[in-house]
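Residue numbers (my numbering), protein chains in the order written: chain A, 48 to 239; chain B, 5 to 191.
Encoded as structure tokens, the structure appears first; notes follow it.
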């Protein structure tokens, strides 16, 4: 039981710190999760992390919350999912409480705005960095179909502004059909 | 009772916000401004701006902001709890199914189809933010002179540091914030 305690604490601290830096939209947490849980802590591998993110996007609720719950569950069971959830909701709870008290000061303050603008550039770089790695890995697999799905999804979301949920459903169906056909082919191949 | 109302409102927001943070905006507006009148439209817009500057997804930020104004700290906690309730249950259910059936070939096939899509979604979000930070609210234009030079420089520098030195991304973001803060204030 003693070995479990460090994981719970680390999970809480990681969830908290990752959530504390999820500025301007939930997607940066994917990059932060990859760097922390896959690269640094090595609790899961990249493939599984992408699976969890896919699940996180398939359910209602903010991606950051869903992803944290899934990761917590994966790494430390039901208790882990609660701990990760708790760690994730605390930063906004604390920050927004403080901000709402100083609300008019906060949102017109030039220093805050300047720092935020700088951070935005940093956030974009973090997302770009991880996206480059993930894309490289997909290309390394040399599966043309996956690469096409990636490009196709990108076009749908970026240029056509299609809802994420719709893209998820389409790709899930494509994945299912493709596998079903492949399984059929394998089975009939075995028979003859 | 105000706490029940807060919980129920944000429960609905949590339940119906599929497809990422900004899909939740109309839902939040409907509940917070129209149905319950907790904020007026101007305050709601301020909330969106504030949410950009604070950690966490917009749904959680709204829950705290509205909750605390309407019913203090306990209100913020109740609203936040309402917001995550339905997602937590549904995600846990998905997790249960995933861990139970993930080795099934069909499930593997679905996930294999989804993984590249996830990368594309992240990339798309990132590109949108990049365009926003380089060109501002007006979006991409071929007028390259209109690019925010400080932003472009910070982005390039941060990316270089991340790829070359593999520094902790949190430090890079903080550093970009501090340096950017100085530069933007000086200009």
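Virtual Cβ for every residue (Gly too), placed ideally from N, Cα, C.
Note that the structure is a prediction, hence the values are computed from the model and not measured.
Contact between the segment 73-81 of chain B and the segment 55-64 of chain B (3+ Cβ pairs under 8 Å): Verdict: no, contact absent.
At least 3 beta-carbon pairs within less than 8 Å: the segment 199-206 of chain A vs the segment 165-174 of chain B: Cβ pair count under 8 Å is below three, so no.
Chain A within 8 Å of residue 127(B), Cβ atoms only: Indexing the second chain from 1 puts residue 127(B) at position 123. Chain A contact via Cβ: present.
Residue 130(B) and residue 74(A) closer than 8 Å at C-beta: Reading the second chain from its first residue, position 126 is the one you call residue 130(B). Reading the first chain from its first residue, position 27 is the one you call residue 74(A). Cβ atoms of residue 130(B) and residue 74(A): closer than 8 Å.
Best match in 79(A), 60(A) and 98(A) for proximity to residue 119(B) [C-alpha to C-alpha]: One-based indexing of the second chain puts residue 119(B) at position 115. When each option's Cα is compared against that of residue 119(B), the closest is 98(A).
Sub-8 Å separation of residue 49(B) and residue 28(B) beta-carbons: Indexing the second chain from 1 puts residue 49(B) at position 45. Indexing the second chain from 1 puts residue 28(B) at position 24. Not a contact, by the Cβ cut-off of 8 Å.
Proximal residues, the segment 167-180 of chain A versus chain B, C-beta separation under 8 Å: Taken in chain order, the members of the segment 167-180 of chain A whose beta-carbon sits within less than 8 Å of a beta-carbon on chain B are 167, 168, 169, 170, 171, 172, 173, 174, 175, 176, 177, 178 and 179.
Alpha-carbon spacing of residue 17(B) relative to residue 70(A), whole angstroms: Taking the first residue of the second chain as 1, we reach residue 17(B) at position 13. Taking the first residue of the first chain as 1, we reach residue 70(A) at position 23. Here the C-alpha atom of residue 17(B) lies approximately 20 Å from the C-alpha atom of residue 70(A).
Cα-Cα separation, residue 242(A) to residue 181(A): Because residue 242(A) is not part of the residues shown, which for chain A are 48 to 239, the question remains open.
Residue 197(A) at chain B interface by Cβ criterion, 8 Å: Taking the first residue of the first chain as 1, we reach residue 197(A) at position 150. Contact with chain B is found for residue 197(A), since one of that chain's Cβ atoms lies less than 8 Å from the residue's Cβ.
Rounded straight-line distance, which links the Cα of residue 118(A) to that of residue 233(A): Stepping through the first chain from its first residue, residue 233(A) is reached at position 186. Stepping through the first chain from its first residue, residue 118(A) is reached at position 71. Going from the Cα of residue 233(A) to the Cα of residue 118(A) covers about 34 Å.
Residue-level contact to chain B via CB, residue 82(A), 8 Å cutoff: Along the first chain, one-based indexing puts residue 82(A) at 35. Yes, contact with chain B.
Strand pairing of residue 138(A), partner residues [DSSP]: Against the first chain, residue 138(A) aligns to sequence position 91. Looking at the DSSP assignment, residue 138(A) forms no beta bridge with any residue, so it has no partner.
Best match in 185(A), 205(A), 172(A) and 213(A) for proximity to residue 177(B) [C-alpha to C-alpha]: As a working note, residue 177(B) is residue 173 in the second chain. Checked all of 185(A), 205(A), 172(A) and 213(A); the closest Cα to residue 177(B) is 172(A).
Inter-residue spacing [alpha-carbon to alpha-carbon] between residue 185(A) and residue 93(A): What you label residue 185(A) is simply residue 138 of the first chain in a count that begins at 1. What you label residue 93(A) is simply residue 46 of the first chain in a count that begins at 1. Rounded to the nearest whole angstrom, the C-alpha separation of residue 185(A) and residue 93(A) is 11 Å.
Residues near residue 42(B) by beta carbon distance below 8 Å, same chain, minus five either side: Position 38 of the second chain holds residue 42(B). 36, 70, 73 and 74.
Residue 74(A) at chain B interface by Cβ criterion, 8 Å: Counting from one through the first chain, the residue named residue 74(A) turns up at place 27. The C-beta of residue 74(A) comes closer than 8 Å to at least one C-beta of chain B.
Where residue 70(A) falls: helix, strand or coil (DSSP): Indexing the first chain from 1 puts residue 70(A) at position 23. Residue 70(A) falls in the strand class under three-state DSSP.
Chain B contact for residue 193(A) (CB, 8 Å cutoff): Locating residue 193(A) in the first chain gives position 146, counting from the first residue. For residue 193(A), the answer is yes, since a Cβ of chain B falls inside 8 Å of its Cβ.
Neighbour flag for residue 227(A) against chain B, beta carbons, 8 Å: Along the first chain, one-based indexing puts residue 227(A) at 180. For residue 227(A), the answer is yes, since a Cβ of chain B falls inside 8 Å of its Cβ.
Contacts around residue 21(A), its chain only, beta-carbon distance under 8 Å, and the 5 residues preceding and following it disregarded: Nothing about residue 21(A) can be read from this structure; chain A reaches only from 48 to 239.
Cβ of residue 19(B) within 8 Å of any chain A Cβ: Mapped onto the second chain, residue 19(B) falls at position 15. Chain A contact via Cβ: present.
Contacts of residue 13(B) in chain A (Cβ-Cβ under 8 Å): Locating residue 13(B) in the second chain gives position 9, where the first residue counts as 1. Residues of chain A passing the Cβ test: none, with the nearest at roughly 15 Å.
Limits of the unbroken alpha helix (DSSP H) element including residue 6(B): Residue mapping note: residue 6(B) aligns to position 2 of the second chain, counting from 1. That run of the alpha helix (DSSP H) goes 6-20.
Beta-bridge partners of residue 59(B), as assigned by DSSP: Residue 59(B) sits at position 55 when you count from the first residue of the second chain. Within the DSSP bridge table, the entry for residue 59(B) names 70(A) as partners.
Cβ pair count under 8 Å reaching 3, the segment 129-146 of chain A against the segment 133-147 of chain B: Fewer than three beta-carbon pairs drawn from the segment 129-146 of chain A and the segment 133-147 of chain B are found closer than 8 Å, and the two stretches are therefore not classed as touching.
Cα-Cα separation, residue 114(A) to residue 79(A): Stepping through the first chain from its first residue, residue 114(A) is reached at position 67. Stepping through the first chain from its first residue, residue 79(A) is reached at position 32. Approximately 11 Å between the Cα atoms of the pair.
Chain B contact for residue 222(A) (CB, 8 Å cutoff): Looking up residue 222(A) in the first chain gives position 175. Judged by the 8 Å Cβ criterion, residue 222(A) is in contact with chain B.
Residues in the segment 47-78 of chain B having any Cβ partner in chain A nearer than 7 Å: For the segment 47-78 of chain B, which is checked against every Cβ of chain A, the residues closer than 7 Å are 50, 53, 54, 56, 57, 58, 59, 60, 61, 63, 64, 65, 68, 69, 72, 73 and 77.
Backbone secondary structure at residue 50(B) - three-state DSSP: Taking the first residue of the second chain as position 1, residue 50(B) is located at position 46. Here DSSP, grouped into helix, strand and coil, assigns residue 50(B) to helix.
Contact set for residue 64(B): own chain, Cβ-Cβ below 7 Å, skip 5 residues either direction: Counting from one through the second chain, the residue named residue 64(B) turns up at place 60. Beyond the five residues adjoining it in sequence on each side, residue 64(B) comes within less than 7 Å, by CB distance, of 84 and 87 in the same chain, given in chain order.
Buried/exposed call for residue 60(A), threshold 16 Cβ in 10 Å: Walking along the first chain from the start, residue 60(A) turns up at place 13. By the neighbour-count rule (16 or more Cβ atoms within 10 Å), residue 60(A) is not buried but exposed.
Assigned exposure category for residue 59(B) - 16 Cβ within 10 Å defines buried: Here residue 59(B) refers to the residue found at position 55 of the second chain. Around the beta carbon of residue 59(B), a 10 Å sphere encloses 16 or more other beta carbons of the protein chains shown; the residue is thus reported as buried.
Cβ-Cβ separation, residue 158(B) to residue 174(B) (assumed contact under 8 Å), whole Å: Translated into positions along the second chain, residue 174(B) becomes position 170. Translated into positions along the second chain, residue 158(B) becomes position 154. The beta carbons of residue 174(B) and residue 158(B) sit about 16 Å from each other, so the pair does not count as a contact at 8 Å.
Beta-carbon proximity list for residue 193(A), same chain, < 7 Å, skipping 5 on both sides: Here residue 193(A) is taken as the residue at index 146 of the first chain, counted from 1. The residues are 185.
Beta carbon proximity, residue 231(A) to chain B, threshold 8 Å: Taking the first chain and counting its residues from 1, the one referred to as residue 231(A) is at position 184. Answer no: the Cβ-Cβ gap between residue 231(A) and chain B never drops below 8 Å.
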